[in-house]
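Number of protein chains: 4
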Amino acid sequence: MTDTILTDLEIGRAAHLLPIEEVAAWAGIAAEHLEPYGRYIAKVSPTAREALADRAPAKYVVITAVTPTPLGEGKTTTAVGLAQGLSLLGQRSMLSLRQPSLGPTFGIKGGAAGAGYSQVVPMEAVNLHLTGDFHAVTSAHNLLTAMVDNHLHHGNELGIDARTIAWRRVLDVNDRALRNIVVGLGERMDGVPRQAGFDITAASEVMVILSLSTSLRDLRERLGRIVVGFTYAGRPVTAEDLKAAGAMAVMLRDAIKPNLLQTLENTPALIHAGPFGNIATGNSSVVADLLGIRTADFLLTEAGFGADMGAERFFNVKCRASGLQPDAAVLVVTVRALKTHSGRYQVVAGRALPPEMLEENPEDVRLGGSNLKRHIEIVRRFGVSPWVPIK
Amino acid sequence: MTDTILTDLEIGRAAHLLPIEEVAAWAGIAAEHLEPYGRYIAKVSPTAREALADRAPAKYVVITAVTPTPLGEGKTTTAVGLAQGLSLLGQRSMLSLRQPSLGPTFGIKGGAAGAGYSQVVPMEAVNLHLTGDFHAVTSAHNLLTAMVDNHLHHGNELGIDARTIAWRRVLDVNDRALRNIVVGLGERMDGVPRQAGFDITAASEVMVILSLSTSLRDLRERLGRIVVGFTYAGRPVTAEDLKAAGAMAVMLRDAIKPNLLQTLENTPALIHAGPFGNIATGNSSVVADLLGIRTADFLLTEAGFGADMGAERFFNVKCRASGLQPDAAVLVVTVRALKTHSGRYQVVAGRALPPEMLEENPEDVRLGGSNLKRHIEIVRRFGVSPWVPIK
Amino acid sequence: MTDTILTDLEIGRAAHLLPIEEVAAWAGIAAEHLEPYGRYIAKVSPTAREALADRAPAKYVVITAVTPTPLGEGKTTTAVGLAQGLSLLGQRSMLSLRQPSLGPTFGIKGGAAGAGYSQVVPMEAVNLHLTGDFHAVTSAHNLLTAMVDNHLHHGNELGIDARTIAWRRVLDVNDRALRNIVVGLGERMDGVPRQAGFDITAASEVMVILSLSTSLRDLRERLGRIVVGFTYAGRPVTAEDLKAAGAMAVMLRDAIKPNLLQTLENTPALIHAGPFGNIATGNSSVVADLLGIRTADFLLTEAGFGADMGAERFFNVKCRASGLQPDAAVLVVTVRALKTHSGRYQVVAGRALPPEMLEENPEDVRLGGSNLKRHIEIVRRFGVSPWVPIK
Amino acid sequence: MTDTILTDLEIGRAAHLLPIEEVAAWAGIAAEHLEPYGRYIAKVSPTAREALADRAPAKYVVITAVTPTPLGEGKTTTAVGLAQGLSLLGQRSMLSLRQPSLGPTFGIKGGAAGAGYSQVVPMEAVNLHLTGDFHAVTSAHNLLTAMVDNHLHHGNELGIDARTIAWRRVLDVNDRALRNIVVGLGERMDGVPRQAGFDITAASEVMVILSLSTSLRDLRERLGRIVVGFTYAGRPVTAEDLKAAGAMAVMLRDAIKPNLLQTLENTPALIHAGPFGNIATGNSSVVADLLGIRTADFLLTEAGFGADMGAERFFNVKCRASGLQPDAAVLVVTVRALKTHSGRYQVVAGRALPPEMLEENPEDVRLGGSNLKRHIEIVRRFGVSPWVPIK
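Chains as they are written, first to last, in the numbering used here: chain P, 135 to 525; chain C, 135 to 525; chain E, 135 to 525; chain G, 135 to 525.
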């Protein structure tokens with residue numbers, strides 16, 4: 135290797151990957167529980183959890199951060215690095231991370247499977263289609279919307295006031311022209327006109343449900359409780375009322391199984407579900423954590439955005455659904471983020487940093503420290519005192 | 135087995151499936167060329183074709199039919215049955231079939247992977263997500279549309295007359311309310327208003343391109359030649375002009391690889407691409423046939439709809455793209471179809487047949503025979519005299 | 135006066151107009167029945183008809199034409215010229231003409247109140263606002279539409295299937311962007327989204343009703359019978375059902391009174407109602423004819439478009455409503471029209487005639503004569519043999 | 135007359151109206167300057183102002199009010215009453231009032247031409263079509279919009295960013311479904327799709343321009359300066375740029391002439407222009423005031439809404455345009471309004487007052503007095519100390 139700086143993609147492609155069965159075996163998951171997708175990716179059957187039920191649970195560690203800047207502070211990279219470091223120290227570790235959204239992949243932000251020598255691989259698979267979970271969420275979500283519009287078309291027996299329908303459509307593409315649309319135009323057979331719109335799949339309530347369900351049965355019941363809108367009489371209308379939840383669950387039959395991959399150093403990583411951090415729950419799946427907790431000495435999971443968003447939802451929502459309690463927390467912070475939070479600079483993704491930010495300036499760091507302090511307090515409120523690595 | 139009549143699904147689930155590596159081996163495809171998706175499905179790498187390049191080609195058989203009735207005449211079932219029968223006779227056979235559309239699956243028509251004891255399995259996988267090819271086509275198609283709308287939003291440098299844009303969006307759900315829509319509403323940042331609409335994924339030109347391409351490179355070039363609309367000056371605007379074709383090809387990187395499955399009797403079957411028979415080319419992929427032709431004594435492929443549609447496109451379009459020439463043709467016909475084509479009855483899918491159709495009536499059959507005669511002539515025009523099994 | 139060719143507008147402005155009371159007196163209409171709109175225009179009260187009931191009826195003459203060319207054949211100009219000529223011969227004549235549409239006024243066709251020395255004046259008033267009848271029709275028409283949309287908004291008690299609503303909106307401006315629109319967007323209080331559109335006021339059914347009604351009471355009843363769409367159960371929904379007809383009639387209270395003007399030579403002219411000739415009834419009002427028939431020796435009225443449209447509707451629709459029977463018909467034709475109807479030339483409004491059309495060519499005229507022959511037959515079928523002036 | 139309480143309509147119909155020429159003569163306006171619209175309404179030609187230019191100006195009195203309640207405080211009624219009272223005292227008075235909007239006429243508010251024995255008549259004419267000014271404003275306004283859309287349709291030579299177009303359409307009907315619409319749908323010839331909408335005619339900027347112009351020439355120039363939107367380069371696009379202002383002015387040729395009517399006691403009243411009080415300028419026309427100031431001892435005009443809206447715009451906008459300075463102001467207030475402004479009651483138009491409001495309660499009046507005090511201060515700031523009649 136020369137001293138050229140390699141891109142993430144080059145590093146990822148140069149990695150020596152192990153067959154996914156070997157990675158699984160290291161985590162105690164027998165090959166019979168795997169459903170391979172190519173050589174280096176496998177879905178893990180629900181049977182694995184039963185088989186491992188008697189094993190001692192791992193230490194449960196959540197990685198969060200200060201308020202994120204447009205550049206990202208490196209939560210995923212820290213989580214992957216920690217997992218690889220623990221392995222080097224002889225501790226078995228398991229990662230549990232969100233699947234990144236395809237939508238922003240073709241934008242300026244790049245992928246979200248770590249960076250540099252702390253990546254989950256194969257990186258292209260993580261960033262693109264992986265095992266089709268996002269597509270399944272997209273299909274299940276849109277099936278419900280189609281059934282809502284069909285219900286309106288066929289006489290609207292439930293008496294839904296179409297103007298109250300809050301259930302939109304989703305696509306895993308960032309398509310601005312679909313945000314606000316009018317559907318149902320054309321001939322009589324082409325449905326009932328109404329205002330509608332598309333969100334990105336990572337913002338789907340189905341994605342949140344996938345991430346919070348403890349089993350396929352739980353998923354099925356949660357899907358049935360989705361409220362799509364209200365009748366003229368003000369009564370909520372659910373996916374169950376529309377007889378859509380069963381078919382939606384069938385479409386998510388495989389998506390509910392966590393995906394097993396590995397890091398550049400062959401540490402196992404479960405990549406499963408990807409609800410957005412800003413507008414949804416921002417945490418990977420309960421199902422993956424319930425599996426992962428029986429597969430290692432340490433289970434490391436990441437909570438999206440800052441501690442005031444992802445971590446609060448981790449404690450308040452995800453842990454209540456899973457029943458798991460974290461043993462430790464990591465609060466990622468960079469000097470660059472602290473300087474940014476001084477409020478003195480404008481940082482824009484894709485542009486060079488302001489030159490003054492590159493000079494030593496302890497006062498900036500001190501000012502931005504109030505942001506760090508507040509995030510530490512938030513995590514402490516949940517009974518865990520975070521470890522704060524400063525980069 | 136009792137004398138209860140089993141449903142297709144029950145028969146399919148009761149089958150004794152072989153690991154996909156064994157099925158592949160029987161066809162001469164080494165395990166190193168497989169990318170397994172679960173235990174019974176694998177994508178076949180392009181390397182397989184190179185490895186088998188020296189093998190003698192199979193006899194190439196196309197299965198077509200008279201004008202289809204609402205009930206279907208059984209082309210796929212005939213093809214699967216033929217393949218299984220040839221195997222019993224000691225002849226190695228390979229099937230090459232289209233992947234059915236998810237859209238109609240939740241409707242009344244049911245799946246399209248054969249029926250009864252002549253099915254490709256696992257049936258649910260074939261009918262649902264399989265290996266994600268349809269989702270990849272959906273994503274690639276819609277990425278181009280999003281780039282068109284983004285181009286309009288960012289000042290329309292190419293001078294596209296938005297009213298000439300013929301490139302719509304697709305979804306693999308039959309959603310009537312999306313057929314005719316207005317997009318780009320809302321604030322200024324939400325794009326440029328224009329009339330638009332969604333088709334089903336099986337109707338996507340990307341699906342046709344996937345089915346006709348001979349390689350990833352050929353796919354990439356064909357994608358670039360897609361015309362999305364016209365400038366005010368009347369010049370066509372292509373996906374290449376919009377710099378979209380490269381990203382689209384990346385999204386189809388895995389979709390271009392054929393999917394290997396098996397029949398109920400463990401005969402290998404390539405299921406790949408699914409362009410609609412009525413409005414698109416209606417034939418499975420060229421890539422699958424170029425692989426399959428080196429893997430057996432007989433390669434059996436189906437051309438959608440009647441001989442006047444799928445078979446004409448098979449000869450005129452698909453064979454020109456692949457360079458293959460069929461050795462034989464099968465023209466499926468049923469007595470029920472001939473009676474229907476007498477023009478004396480109205481047959482509706484999902485309803486009982488008119489009782490008179492169930493009585494013996496040679497005159498009906500004779501009248502409907504003119505339809506059969508015409509289809510035989512069509513196939514003969516291409517230099518192949520069809521074998522006509524009457525059921 | 136020099137030998138400069140004057141424009142229609144210049145001729146019109148140079149005319150010596152009489153006070154409208156004098157024009158009315160010449161026709162036997164006393165000043166007490168007039169409602170003046172400026173010095174040269176008056177609406178005539180319904181009381182005038184009662185006062186004149188005992189007078190002998192005029193000869194009733196309808197002016198029609200061969201199939202019109204893009205240049206117009208001069209029906210109105212012929213009618214005005216005839217009326218003026220009869221006056222010079224000592225015969226009292228009265229004109230009954232349609233009010234032209236404001237919509238096309240700002241386009242290439244120009245006004246429709248005659249031309250040259252055969253105009254109704256003041257020309258600008260005729261072509262613009264006159265006495266507000268078109269605006270009243272517009273308001274009444276759109277009031278009904280607003281009440282339909284309000285009905286949908288307030289819970290749709292009648293159960294109207296919004297997709298069956300055939301009652302659009304109208305404006306007296308030719309505004310292409312309003313032909314096909316979606317209304318009811320925005321917040322919940324902004325109505326129910328649906329496809330809609332605007333027509334030109336001359337195409338309004340209210341305009342047809344205004345032209346066919348024999349009195350305000352008859353108008354009120356006809357308005358109530360307007361069908362706006364259908365319920366989900368297939369029952370027609372009328373303006374009466376929506377309680378809109380009364381308010382509509384109030385808005386048309388003045389519009390139902392005919393407008394009295396004069397020609398350049400001070401011959402009286404009733405200008406009233408303006409239904410389009412191509413898609414509506416194309417004839418001036420019944421009310422004007424019922425008044426005019428008691429005011430002169432000859433009442434001349436024009437039927438829009440060719441005899442196959444305006445004249446057929448004159449006989450079949452207007453005369454049935456009024457009870458009047460024509461005594462004579464005039465079928466206007468020009469050599470230019472006959473040449474055009476030979477099918478050998480393409481004539482476009484606003485462009486110079488093809489030069490060959492300006493040369494003598496009896497064969498062209500003979501060929502085009504078949505059109506004239508057919509129109510003569512049409513008029514004869516109604517029992518009147520037309521006089522055919524060839525210009 | 136019995137002691138039955140008569141409705142406004144009954145009182146208005148029972149009035150003894152004088153021919154409009156007599157009313158005009160009383161104001162010194164010769165018949166040659168009148169353009170009669172029926173017997174009791176006339177437009178006044180611009181020549182009248184020239185003929186009266188040497189007469190001494192009237193005292194100029196503006197009538198305003200405290201913050202209006204849903205019931206109205208009676209500004210118009212006070213103005214009409216004052217004018218009639220001054221006449222009884224031997225002082226010649228002239229009223230200058232806005233024309234009410236047709237839109238709300240069919241709603242619950244009723245007309246706006248005064249009430250009881252202080253009305254301008256004929257009341258139905260005032261509330262309905264009058265002399266067509268509102269329709270002319272509607273037509274002129276929408277002509278501009280049609281030309282904007284036509285410009286987009288014909289290649290958009292000026293480079294207008296359609297999303298910046300702030301020039302909507304207007305109709306004199308309160309039609310909620312037209313507030314937010316999408317136009318330009320259908321075929322290519324049906325224009326360019328964009329978001330649009332309709333306002334009520336009284337909210338049109340053309341109405342404001344009509345009310346502020348001092349002459350037809352001034353109107354023409356003001357129309358030309360209307361900004362309809364912006365180019366992609368950020369340059370404003372005017373009606374002049376679109377060559378629309380000339381045609382708009384032609385359409386307003388008659389609308390610019392004030393309408394002369396009378397009160398129940400035959401006092402002359404100019405009713406001209408009707409910009410909304412809440413969102414537009416809320417004052418009658420400059421042209422009417424410039425005429426009226428030469429016709430009487432007292433010219434009384436009303437400023438819409440409270441002194442913080444209509445009166446401020448009267449002083450800041452209308453008086454600057456006309457060059458006139460008020461000699462006195464009247465600030466109308468009712469005990470009911472003061473009680474309402476105590477903030478203790480909820481008053482809704484069309485419902486009975488809260489019973490407690492009908493009891494004597496000086497504390498309520500004192501509390502609401504702060505509103506009155508503030509309005510007095512506003513008027514004083516403009517150099518006029520208002521007279522405050524409390525009803």
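Glycine included, each C-beta is placed from N, C-alpha and C at the ideal position. Keep in mind that this is a model prediction, so the values were computed, not measured.
{"Query": "Cβ-based contacts, 7 Å cut-off: residues of the region 286-302 of chain G near chain C", "Result": "Gly-289 and Arg-297"}
{"Query": "Cβ contact (3+ pairs, closer than 8 Å) linking the region 287-303 of chain P and the region 363-383 of chain P", "Result": "yes"}
{"Query": "3 or more residues per run - each beta strand (DSSP E) lying fully within the region 346-395 of chain E", "Result": "361-364 and 370-372"}
{"Query": "Span separating the alpha-carbon of Pro-238(E) from that of Asn-417(G)", "Result": "Reliability fails at Pro-238(E), whose pLDDT of 49 lies under 50, so the model's placement of it is uncertain and the value that follows must be treated cautiously. Their Cα atoms are separated by approximately 34 Å."}
{"Query": "Partners in chain G for Arg-470(E), counting only beta-carbon separations shorter than 8 Å", "Result": "Simply none; closest approach about 28 Å."}
{"Query": "Contacts that Leu-319(C) makes with chain G (C-beta to C-beta distance below 9 Å)", "Result": "Val-316 and Gln-329"}
{"Query": "Those residues which DSSP pairs with Gln-329(P) across a bridge", "Result": "Val-316(P)"}
{"Query": "Test item: CB-CB of Leu-278(G) and Ala-378(G) under 8 Å", "Result": "yes"}
{"Query": "Contact set for Arg-428(E): own chain, Cβ-Cβ below 6 Å, skip 5 residues either direction", "Result": "Leu-186 and Arg-189"}
{"Query": "Interface positions of the region 166-191 of chain E facing chain G (Cβ-Cβ less than 8 Å), listed along the chain", "Result": "Glu-169, Pro-170, Tyr-171, Gly-172, Arg-173 and Lys-177"}
{"Query": "At least three beta-carbon pairs within less than 8 Å, the region 376-391 of chain P to the region 352-361 of chain P", "Result": "yes"}
{"Query": "Residues of the region 364-390 of chain G whose Cβ lies closer than 7 Å to any Cβ of chain C, in chain order", "Result": "Tyr-366"}
{"Query": "Residue span of the alpha helix (DSSP H) that contains Phe-449(G), given as start and end", "Result": "Counting along the chain, Phe-449(G) falls outside any alpha helix (DSSP H), and DSSP gives it neither H nor E."}
{"Query": "N- and C-terminal bounds of the beta strand (DSSP E) containing Phe-91(G)", "Result": "This structure does not reach residue 91(G), given that chain G is present from 135 up to 525, and the question cannot be answered."}
{"Query": "First and last residue of the uninterrupted beta strand (DSSP E) at Val-474(E)", "Result": "Residue identity differs from the one stated: residue 474(E) is Thr in this sequence, not Val. Note, Thr-474(E): premise wrong, no beta strand (DSSP E); alpha helix (DSSP H) at 469-474."}
{"Query": "Met-228(P) and Leu-458(P) closer than 8 Å at C-beta", "Result": "no"}
{"Query": "Backbone CA spacing between Ile-175(C) and Leu-386(C) [nearest angstrom]", "Result": "18 Å"}
{"Query": "First and last residue of the uninterrupted beta strand (DSSP E) at Lys-193(E)", "Result": "193-199"}
{"Query": "Neighbour flag for Arg-147(G) against chain C, beta carbons, 8 Å", "Result": "no"}
{"Query": "Proximal residues of chain G, C-beta to C-beta of Arg-322(C) below 7 Å", "Result": "Arg-297"}
{"Query": "Rounded distance between the beta-carbons of Val-304(C) and Ile-343(C), thought under 8 Å", "Result": "Not really, about 13 Å apart at Cβ, beyond 8 Å."}
{"Query": "Below-8 Å beta-carbon distance, Ser-273(G) vs any chain D residue", "Result": "No chain D appears in this structure, whose protein chains are P, C, E and G."}
{"Query": "Residues that Ser-221(C) bridges to, as DSSP identifies them", "Result": "Answer by DSSP bridge pairing: none, since Ser-221(C) is not bridged."}
{"Query": "Separation of Asp-461(E) from Lys-507(E), as counted between CA atoms", "Result": "21 Å"}
{"Query": "Environment of Ala-249(P) [buried if 16+ CB atoms lie within 10 Å]", "Result": "buried"}
{"Query": "Cutoff 8 Å: Ala-232(G) Cβ touching any chain E Cβ", "Result": "Ala is not the amino acid found at residue 232(G); the sequence shown has Arg there. Cβ-Cβ to chain E under 8 Å: no for Arg-232(G)."}
{"Query": "Leu-376(C) to Leu-286(C) span [Cα, whole Å]", "Result": "11 Å"}
{"Query": "Where Pro-489(E) falls: helix, strand or coil (DSSP)", "Result": "helix"}
{"Query": "Contact under 8 Å by Cβ, Val-316(C) with Pro-327(C)", "Result": "yes"}
{"Query": "Own chain residues within Cβ distance below 6 Å of Pro-488(C), not counting five before or after", "Result": "Tyr-479"}
{"Query": "Rounded separation between Phe-449(E) and Leu-346(E) - CA only", "Result": "12 Å"}
{"Query": "One or two residues paired with Ser-252(P) in a DSSP bridge", "Result": "Ala-249(P)"}
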